[in-house]
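Chains as they are written, first to last, in the numbering used here: chain A, 1 to 572; chain B, 1001 to 1572.
Rendered as C-alpha cells:
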C-alpha cells in the first residue's frame, strides 16, 4: 500500500507531464494556501506546511489519480468555527489546538476507512451537502468583511462587523478598501468576463485555463509590490501578513490537555465527516471523467493519513481541494507524482521566499477568498431541487440558513435531521390505489386514472410503500373509508407488489385487521407478495391466521374471485 | 363534547350494570392506587385523589366506552425517575412538582389532541413499546426491593440496594421479609395457579374473574389486620403507610418556580408521549373487541383533561390502566358511567376510611406491585419479534436494557433511535434482481430463482426499494458488478415497479450514470415507472437526457429490445 500501484508502472513520458503540472500547481496555489490559513485563524505558514507533507502522504495512500489535497475553504472555516471559542486565533494555543483537530479528524477518517465505513458518507444527501457548502460560502464572505474594510476588533462576531459598519462608518480604512476593491474587481472580471471570453474564443485550451487560474497570484503579487514600493503597511493602515516563522519549526508545540481533547472530540467528528464526504464526492467526480473507479475506503485512508501528517508537521486540517484539483487536472497531471512535485516545490518556496510573504496585504488575500467563496454558492442546485422536490429544496435551505445563523455544526445536524424527517414523512403517507382490470388484458390499474373492470363484493387495494410502524394508521384509515363506501364488500385483496418490507409492527397490525375483518365476515387476501417479504411472513401469525388466500399475481386473484361473482363495469 | 354521546341515550338497564361495575372497580383498585402513589414517591392519598376527579373528566371527554384511567405503573415509575433527582420523595416540594408534571403532560396531551397530532403516537413501534414496558417492569421490581426486605436508605440508587444486600445481609428485617414473602406467594399462586385453574373449570365467568382480582385487596387487608392486631409497626420494624392527610387538602401548594418548569418540560414531553401511546393502544384494543372505533384525537383530549384535573386535585399523572380497565370490562361496565360511580365511591372511601389505610404495611403493597410488574414482562413479544425480524427484536432488547441501565428517557430515545437506524439500514441495502421472461408468458422473474429467457446484450435490473440518498451506492455497486460480468451489454433496463419515490440525490446520481453509460456506448432505459414518480421525473435532467426509452411494462421493453436481438436461453 505504501508502494502504490501508480509507482510500479511509472513511465518517463508520464513524469514530464506530472513535473510540469506539479510545478504549476505549487506556484498557483500559494496565495490560496496562505489565505485559507488566515481564514482558519492560523499563521500563514500553517497553510504552506499543510501543502507539503500531507500532500505526499495522500499521494502514497489515496486512490484518486489526480485529486490534490491541501488546505481547503470548508475545512478552514470549520477550523475557525470550532477553535475560535477555545483560544485566541493566531496564538500558540490556537495553533496547537488546530494540530490536535487535524490529528483527531485524521484518526477518525482513518478509522472510517480501515473499518470500511465509507458507506456512511452517503448519510449526507446532495441537497444537504449543497446547502452546507453555500451556507459556508456566505459565512466565509462575512468573515472576510473586516479584512476587506480594514476594520479591527470585530473579527470575533460575524454580526458585530455589520453593526460597526452602520454605526461607525468612519473606522473604514480608505487605502485598504481601495486595495481590496480593485483586487476584487480584477478577480471578478477575470473569472466572469475574461475567462468565459477566452474559453469561447480558444476553446478550453491549457494556456487559457492556466491564465485564468494565474490571476489570483498576479493580483496578490502586484499588491505586494505596491505595499513594498509605497510602504503602505507603515502609515496608511494597510495590514499585511506579518512575520512568518522560519521553515524550521515543523513540529507544533504539543501541549495538549485532556480537556482540549474532550472539547474537540465532537467537532472533530463533524470535520472528519464533512471532509470525508467532500473528498469522496470530488474523487468520484474526477474519476468518472476518466472512467476510473474510486475505492471509497482507501480514499478515506489516504485522507486520514494526510491529516495525521498535517497535525505533526505544523499544518492544519486538509481536504480534497476543488480549485487545487482543477488546476492539477488542467495542467495535465497524470498520476499522484504531480502532487509530490507540488509538495517539494512548496517546501523550496517555504525555505527561501518567506520574506516576500510577510508583506502581502491581508485585504487582497481576503478579496481572493471572497471571490472563491462566490463560486461556492450553488443557486443552481437550489433551483433544480425546487422544481424536482420541494422537500429536498427545503432541506437545502434549512442547512444553509442553519450554517449562517447558528454555525456549521448546527447547520449540518439540521440538514441531516431535515432529510430524515422528510424521508419519514413521505413514507408515512403512502400512495394507495383501488385498482381494477383493463378490459381484455391481464393488466390492472388505478380506478381513478383508467376505465377498468372491478368485481362487485371485492376490493383490490394496491399499497405503494413498504409497511412499517409509521404508516399503518394511513393504511387503516384508507381501508376503513373504502369499506364504508362499499358495505357489500366480502373480499379485500391487498396487492403488495411495491411492498419491499413489512416490519413487526406492521405484521401485527395486519394480523389485527385480519381478525377484525374476519369477525365482520370479510376475507383478507394477499397478492404479489415479494419473495423476501414472503420468506418472513411465512413465520408469522398473520400467515397462519389469514382468512383468505395468497395469490401469485393480481390476475390470479381476480380470476379466483371472479368465479364466485360476475364482472361489473366500474364507472369513473 | 362536555355532554357526551353516551349520556344522551342513557338507559336504566345499562345503569345497573354500570353501578355494580363501578363499585367493584372502586373497591378492587384501592390497594393499587395506594401502591402506585408510593411507587411514584408520593404520599398514598395522591393515588386515591388521582382515582376521583381525573376519572370523571375522562368519562366526560374520552372516546373509549370502557377504558378506566387512574394511576398506572408506567406513569408512576416515570414520575419517580423524573422527580427524584429534583426533590426528596414525599416532601411538599416533591408533591408540588408531581402536580406540575401532571399539568405539563396534561397540557401537552391536550395540545396533541387539539392540534390533531394523534398520528405522532405511531412514531413508537410495537417492539419499542414492548421493550419499554418490559424494561420499566424490571425497574419497578428493583425499586421495590428495599421495601420488600425492609432495607432503609438505599431507595435512591437502584444498584445500591443490591450492594447493601450482599455486603450487609443483617440489615434485612425478618418480620418484613416474612410478611412480603407470604404476600407474594399468595398473590403469585392466585395469579398463576388458582386463576387459570378456576378459569379452566368454570370458564371465564364473572365470579371467577372477580375472585382472582379480589386477592390483592384481601392480602393487603389481612396484612393490615395483622399489623393492627400485633402492633407490628411499633417494634418489629414493619414500615406502614403512615399518616394520611385528610380529605380536605385537594389542591396542592402551587409554589412552582420557573426553573422547575424548565427542568420538567423535557420529561413532561416523554411522559405525555408514552402516556398517549399507552392510552391509545389500550383504547384501540378494547374497542376492537366490541367493533367500536376510537377517535385518537378525542382520546387524547380526554386523557389530557384527566391529567389537568389530576394536577389541581392533589393527584399524580394518570393514564389508561391495564388491570383497572380489565376489571371494569370483566365487572360488566357498559359506558363511562361506571367510571363516574368508581370515582364517587373512591371519594367516599377517602372521606371515611383513611385511618385504616395508615396502618397498611408497605412491604405487602410492594409485593402486590412486584406481582403486577411480573405480568408486564412480555417475553412473548421478544420471541415473536426474534422469529419474525431480528432487527426489531434488537430494538426491543435495546430499549429494555436502556431503560434498566440508563433510565426511562435514555431507553425510549434509544428505542426510537434504533428503530430509525434499522429503517435506514434496511432501506440502504435494497433487494436488486436481474430478471428474465418466463417462457411463453408476459411475466418476468429473478434469473436466480426461475428458469427464464433473457436477451443477449440487455440487462434487466429490478430495484425493490425507493431510491434515496442512502442507497445509491448499493445500486451503483450492483450495476457495476453486473456490467463487469457481461461486457457485451449495450442496453440497461431499470425496472421501477417497486420504486415509490426517487429523491433529488437519487435522480442526480441516475443522471450521472446515464451520462457515464452513454459515454461507454450503453443505453439506459426505464420501465414500469409509477405515476407519482413519473410526474416528478418529467421535470428532471434525467428525463431530458435519458439515452434510452421509457416503457409502460417490462414486457413492452422486452419486445422493443427483442426486435434488434435474438432471445437467448438463460441457464441457471
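All residues carry an ideal CB built from backbone N, CA and C; glycine is no exception.
In or out: residue 537 of chain A buried (at least 16 other Cβ within 10 Å) or exposed?
-> buried
Mind checking the segment 1488-1507 of chain B against chain A and listing, in chain order, the residues whose C-beta falls within less than 7 Å of any C-beta there?
-> 1497, 1498, 1500, 1501, 1503, 1504, 1505 and 1507
Check the DSSP bridge columns for residue 977 of chain B and list the partner residues they point to.
-> Limits of chain B in this structure are 1001 at one end and 1572 at the other, which puts residue 977 of chain B out of reach.
Which residues, in order along the segment 469-481 of chain A, keep a beta-carbon less than 7 Å from a beta-carbon of chain B?
-> 469, 470, 472 and 473
Thinking residue 64 of chain A and residue 299 of chain A are a contact (beta carbons under 8 Å), I'd like their distance in whole angstroms, please.
-> 6 Å
Which first and last residues belong to the alpha helix (DSSP H) in which residue 390 of chain A is found?
-> 390-406
Residues near residue 328 of chain A by beta carbon distance below 7 Å, same chain, minus five either side = 21, 25, 66, 68 and 338
Residues from the segment 1361-1390 of chain B in contact with chain A, defined by Cβ distance under 9 Å | 1381, 1384, 1385, 1387, 1388 and 1389
Cα-Cα separation, residue 11 of chain A to residue 88 of chain A | 49 Å
Measure the beta-carbon distance from residue 179 of chain A to residue 223 of chain A and round it to whole angstroms, keeping in mind my assumption that it falls under 8 Å.
-> 6 Å
Look up residue 1223 of chain B in the DSSP assignment and say whether it is helix, strand or coil.
-> helix
Endpoints, the alpha helix (DSSP H) within which residue 435 of chain A is located | Element bounds for residue 435 of chain A: not the alpha helix (DSSP H) but the beta strand (DSSP E), 431-437.
Span of the alpha helix (DSSP H) holding residue 166 of chain A?
-> 160-167
Do the CB positions of residue 361 of chain A and residue 240 of chain A come within less than 8 Å of each other?
-> yes
Report the rounded CA-to-CA distance for residue 1489 of chain B versus residue 1117 of chain B, giving the unit in angstroms.
-> 52 Å
Could you list which residues in chain B have their beta carbon closer than 7 Å to that of residue 517 of chain A, in chain order?
-> Those within 7 Å of residue 517 of chain A in chain B number zero; the least Cβ separation is about 11 Å.
Specify the secondary structure class of residue 231 of chain A as computed by DSSP and reduced to three states.
-> coil
Residue of B:1319, B:1129 and B:1202 minimising C-alpha distance to residue 1051 of chain B | B:1319
Members of the segment 522-544 of chain A near chain B, C-beta cut-off 8 Å | 530, 531, 532, 536, 539, 540 and 541
Compare the beta carbon distance of residue 398 of chain A and residue 418 of chain A with 8 Å and say whether it is the shorter of the two.
-> yes
What three-state label does DSSP hand residue 1296 of chain B in the structure shown?
-> helix
Identify each residue in the segment 1403-1424 of chain B for which the Cβ-Cβ distance to at least one residue of chain A is less than 9 Å, and report them in chain order.
-> 1419, 1420, 1422, 1423 and 1424
In terms of residues, what are the limits of the alpha helix (DSSP H) holding residue 1053 of chain B?
-> 1053-1061
Counting Cβ pairs closer than 8 Å, one from the segment 73-85 of chain A and one from the segment 364-376 of chain A, do we hit at least three?
-> yes
Could you name the residues of the same chain whose beta carbon sits closer than 7 Å to that of residue 1140 of chain B, not counting the 5 residues immediately before and after it, in chain order?
-> 1039, 1073, 1077, 1369 and 1373
From the DSSP output, which residues share a beta bridge with residue 445 of chain A?
-> A:436
Compare the C-beta of residue 1091 of chain B with all C-beta atoms of chain A and state if any pair is closer than 8 Å.
-> no
Evaluate residue 1551 of chain B with the Cβ neighbour count: other Cβ atoms within 10 Å of its Cβ, from every protein chain shown; 16 or more gives buried, anything less gives exposed.
-> buried
Expressed to the nearest angstrom, what Euclidean distance is found between the alpha-carbon atoms of residue 1443 of chain B and residue 442 of chain A?
-> 10 Å
Residues that residue 1196 of chain B contacts on chain A, provided the C-beta gap is smaller than 7 Å = None at all; the shortest Cβ gap to chain A is about 22 Å.
Residue 1174 of chain B - DSSP class collapsed to helix/strand/coil | helix
Could you tell me if residue 1132 of chain B is buried or exposed, where buried requires 16 or more neighbouring beta carbons within 10 angstroms of its beta carbon?
-> buried
Within this structure, are the beta carbons of residue 1049 of chain B and residue 1415 of chain B separated by less than 8 Å?
-> no
Does the distance from the C-beta atom of residue 1322 of chain B to that of residue 1282 of chain B stay below 8 Å?
-> yes
Could I get the ranges of all uninterrupted alpha helix (DSSP H) runs contained in the segment 1486-1531 of chain B, with 4 residues as the minimum, in chain order?
-> 1504-1519
Residue from A:191, A:325 and A:346 with nearest C-alpha to residue 46 of chain A = A:346
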